[in-house]
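Here is the structure we will look at.
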Amino acid sequence: MIASIAFYVFAAILLVSAAMVVTARNPVHSVLFLILSFFNAAALFLLAGAEFLAMILVIVYVGAVAVLFLFVVMMLDVNFAELRGGFQRYLPVGATVGAVLFVELALVLGGWQIAPDAGQLRFAPQPPDVHNTAALGRLIYTDYVLLFQIAGLVLMVAMIGAIVLTLRERKTSRHQSIAAQVGRDVRDTLELVNMPLGVGVSEFYRPLVEQPPPLHSDQPVIAHAGGGHGDGGHHAAEKR
Amino acid sequence: MNWQLAWPEIALAVCGMAILIFGVLWKGRSNAFACSMLTAGAFLLAALLVLSQGGGLGYNGLFVVDPFSSYLKLLILAGAALSLILSVDWNEREGFQRFEFPVLMLFSVTGMMVMASASNLMTLYMGLELQSLALYVLAAFNRDDARSSEAGLKYFVLSALASGLLLYGISLCYGFSGTMNFADLAKAAANPAGVSPGLIVGIVFVLVGLAFKISAVPFHMWTPDVYEGAPTPVTLFFATSPKVAAMGLLLRVMVGPFGHLLPQLQSLIVLISIASMVLGALAAIGQTNIKRLMAYSSIGHMGYALIGLAAGTTEGIRGVLIYLVIYVFMTVATFAGIGAMRRNGRTIEKISDLAGLGRNDPMLALILVICMFSLAGIPLLSGFFAKLYIFLAAVQVGMWTLAVIGVLTSVIGAFYYIRVIKVMYFDQPEAPFDRRPASLSFVAVAAGLFTTFFFVFPAPIIGAAQVAAKALLG
Chain W
4 MIASIAFYVF AAILLVSAAM VVTARNPVHS VLFLILSFFN AAALFLLAGA EFLAMILVIV
64 YVGAVAVLFL FVVMMLDVNF AELRGGFQRY LPVGATVGAV LFVELALVLG GWQIAPDAGQ
124 LRFAPQPPDV HNTAALGRLI YTDYVLLFQI AGLVLMVAMI GAIVLTLRER KTSRHQSIAA
184 QVGRDVRDTL ELVNMPLGVG VSEFYRPLVE QPPPLHSDQP VIAHAGGGHG DGGHHAAEKR
Chain Y
672 MNWQLAWPEI ALAVCGMAIL IFGVLWKGRS NAFACSMLTA GAFLLAALLV LSQGGGLGYN
732 GLFVVDPFSS YLKLLILAGA ALSLILSVDW NEREGFQRFE FPVLMLFSVT GMMVMASASN
792 LMTLYMGLEL QSLALYVLAA FNRDDARSSE AGLKYFVLSA LASGLLLYGI SLCYGFSGTM
852 NFADLAKAAA NPAGVSPGLI VGIVFVLVGL AFKISAVPFH MWTPDVYEGA PTPVTLFFAT
912 SPKVAAMGLL LRVMVGPFGH LLPQLQSLIV LISIASMVLG ALAAIGQTNI KRLMAYSSIG
972 HMGYALIGLA AGTTEGIRGV LIYLVIYVFM TVATFAGIGA MRRNGRTIEK ISDLAGLGRN
1032 DPMLALILVI CMFSLAGIPL LSGFFAKLYI FLAAVQVGMW TLAVIGVLTS VIGAFYYIRV
1092 IKVMYFDQPE APFDRRPASL SFVAVAAGLF TTFFFVFPAP IIGAAQVAAK ALLG
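Below you can see the structure in the form of structure tokens.
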């Protein structure tokens, strides 16, 4: 009884917030409604007994995807009103096509009934002694390992693609050159000087360390080529 | 579980990751060239593994290896390898030689090989997505060029829509039959009278999604723009391997799990086929850009190939498979010619720019003539035999209308193919093209020789196609 009340409440909020995602004027509101609908979908998963999917939905979609959306919406100055400019013009055609398709599908799917013994035909019923996170893991890493690995490849291709299409190496960007840092000699930075008594550091003259020549004309500037930052306490001896 | 069945795919994916790491770590000046060569080696390794494989069903029924899948995989690898060879020099001249290019191509090929071996709707979808995702990036690879970016974005948006339709169709199939396995789906659809309309709607959605990938009319809208905007080697890649993979998938899905429904779906396939042939023939006439011309040409050719599927017999399937091989090599030779179109370091793509090629570069002009005649279907060149086997299959099952329309559209198509030849030999000559690189000449000559001399020794390919078609029809 309580479960079914909860189901209808969550389902109703889910539908309303999903509708608000596409109708809200302010894109930030859209994203916030999206987050609300994710939370409600997660609650529905919980009611269905799939707590792993519920947690994944909250962690991945709310925690990462939706927040990323929010960043993009707020940081990019996209004029959404302009994007919706053609909306009025294309609405009649689009609505007609959509309505026809909807009626057709309703006619087809209207006759759909769940077979009474459908429950026994499941591919992979949950074993009684494990909870569904473990059951899902067993399934993914055994029966569906091929698809799981292909999904990994898809994600990797997406990553390569994003880097290929957007990464630009600027000539002025400052990289950390680990080889140059490690290959540095102590004598380049540190000098032990026997100071005569009674003479201040400021009176002691020492020639500047020779600047190392740039490695390559097209190589990015190494940040600390001139003994800049990152050397911590070595500076004292270099000061004149 | 027989996991060795996926050896070629596993080897290819592992090679891809190794090449990626190599490309990132080794910052030499020619690392793009080295990665391309390594990728070509990986393709060769995968081809050898495909050849050395037995058959069977593995991964809990997700993955099948049979003569049909091996045939497709070899063709996919051949098309990809030829595009890769062409791309090395092109990318260098255009100034975007980057090692990610061959790596993306390699992963795309991995996806296509998974498509060829799919025996479950989920495997089908995963392979398709792996393939497409890499293709989006490849289309937009010349990111500083507005047309290339547009091509990538357009292909991405429309293809995502098609993938959505496909997924929706898969979900309907699953909902109404309770399974996504091809063998079980065939059982569920064994009695055409008892099949629920929901399953039919699902199948139609799947058909739509796959028709988009082979750019059959009315799902062809993306093709001309993407072909025109993408860099030429990428266009060649688009025109060869993905078409082979998607057509193979269409054959497997329509003949395998939904084979019993094929008579009912026949009218749909006939409609798509006729529309593709007619549009391919008519819309190409007004084109001035040779890459757009080739886009419409490929739409037409997919229409011809679909005749074989509409026939639905072993001869028909065999015809499609032979058609794909011949189509790939014709297209490769033609695009090698298009890749040579460069004057003073600038790419040119207009058909009128070909004027005087017959005098300036008789060798290349000859290859283009052979390609154009072959694409038009002039006897003794391979394109003629491709159409012959298809039309024979259609006539054998009494589909005279389809065969007659096919012949008529071939005649119309011959007009614009022969116009290209006329421009090359009889128009006012223009300045010669830049020197063509050796790799391009190699690809052009190899594919041109195949196209010319297919009729001398066609038995191995016809035999392999026969075995593959038999394996598919069981």
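Note that the protein sequences, when read in sequence, are chains W and Y.
Taking our numbering, the leading residue of the first sequence gets 4, the next gets one more, and so forth.
Taking our numbering, the leading residue of the second sequence gets 672, the next gets one more, and so forth.
Cβ atoms here follow ideal geometry from the backbone N, Cα and C, with glycine treated the same way.
In this text the structure is predicted, and so the values were computed from the model without any measurement.
Residue range of the alpha helix (DSSP H) that includes residue i
i	result
V1091(Y)	1071 to 1097
L18(W)	5 to 26
G873(Y)	868 to 884
V735(Y)	Unbroken run through V735(Y) is the beta strand (DSSP E), 734 to 736; no alpha helix (DSSP H).
G101(W)	90 to 113
G990(Y)	985 to 1010
V924(Y)	912 to 926
K858(Y)	853 to 859
D191(W)	189 to 192
Y975(Y)	961 to 982
W612(Y)	Residue 612(Y) cannot be examined here, being either before or after the span of chain Y that is shown, 672 to 1145.
E899(Y)	893 to 900
T169(W)	148 to 169
Q129(W)	Counting along the chain, Q129(W) falls outside any alpha helix (DSSP H), and DSSP gives it neither H nor E.
M1034(Y)	1033 to 1047
Opening and closing residue of the beta strand (DSSP E) in which residue i lies
i	result
G140(W)	Segment 135 to 144 is the alpha helix (DSSP H) holding G140(W); no beta strand (DSSP E) there.
L728(Y)	727 to 729
Contact with chain Y by residue i, beta-carbon distance below 8 Å
i	result
L149(W)	yes
G186(W)	no
A21(W)	no
V167(W)	yes
G88(W)	no
G164(W)	yes
D146(W)	yes
V196(W)	no
I153(W)	yes
L156(W)	yes
A127(W)	no
V68(W)	no
A51(W)	no
Classification of residue i by the beta-carbon crowding that lies within 10 angstroms, buried from 16 upward
i	result
F1121(Y)	buried
G927(Y)	buried
I163(W)	buried
Q768(Y)	buried
F1006(Y)	buried
K242(W)	Summary for K242(W): the model assigns pLDDT 43, below 50, so the residue's position carries little reliability; its value from the coordinates is reported in the next sentence. When all chains shown are included, K242(W) counts as exposed.
T863(Y)	It should be noted that the sequence gives Pro, not Thr, for residue 863(Y). When all chains shown are included, P863(Y) counts as exposed.
R1107(Y)	buried
H1(W)	As displayed, chain W neither begins before 4 nor continues past 243, which places residue 1(W) out of reach and without an answer.
R989(Y)	buried
S1045(Y)	buried
Y11(W)	exposed
K1093(Y)	exposed
I1041(Y)	buried
D191(W)	exposed
S1134(Y)	Looking at the sequence shown, residue 1134(Y) is not Ser but Gly. Counting Cβ neighbours within 10 Å, G1134(Y) comes out exposed, since fewer than 16 surround it.
G101(W)	exposed
Test: residue i CB closer than 8 Å to a CB of chain W
i	result
R1017(Y)	no
N731(Y)	yes
G726(Y)	no
E800(Y)	yes
M797(Y)	yes
Y807(Y)	yes
F853(Y)	no
M776(Y)	no
Residue i CB to nearest heavy atom of the ligand ZN below 7 Å
i	result
L139(W)	This structure lacks the ligand ZN; in fact it carries no ligand of any kind.
Whole-Å CB distance - residue i paired with residue j, under 8 Å assumed
i	j	result
A703(Y)	F778(Y)	Going by Cβ atoms, the distance from A703(Y) to F778(Y) rounds to 16 Å, so no, they are not a contact pair.
F1222(Y)	A1036(Y)	Examination of residue 1222(Y) is not possible in this model, given that chain Y is present from 672 through 1145 alone.
L881(Y)	A917(Y)	6 Å
F42(W)	V19(W)	About 13 Å separates the two Cβ atoms, so there is no contact after all.
T781(Y)	L733(Y)	Actually they are not in contact, since the Cβ atoms of T781(Y) and L733(Y) sit about 15 Å apart, beyond 8 Å.
I1009(Y)	T903(Y)	6 Å
L837(Y)	Y807(Y)	Not really, about 16 Å apart at Cβ, beyond 8 Å.
A811(Y)	A822(Y)	7 Å
G919(Y)	M948(Y)	With 8 Å as the limit, G919(Y) and M948(Y) do not qualify as a contact, their Cβ atoms being about 20 Å apart.
Discussion item. If we require 4 or more residues per run, which alpha helix (DSSP H) segments fall completely within the stretch 770 to 830 of chain Y?
Written reply: Listed in chain order, they are 771 to 787, 792 to 810.
Worksheet item: Taking the runs of the alpha helix (DSSP H) that are 4 residues or longer, which of them lie wholly in the stretch 49 to 76 of chain W?
Response: Those alpha helix (DSSP H) runs which fall completely within the stretch 49 to 76 of chain W and span 4+ residues are 54 to 59.
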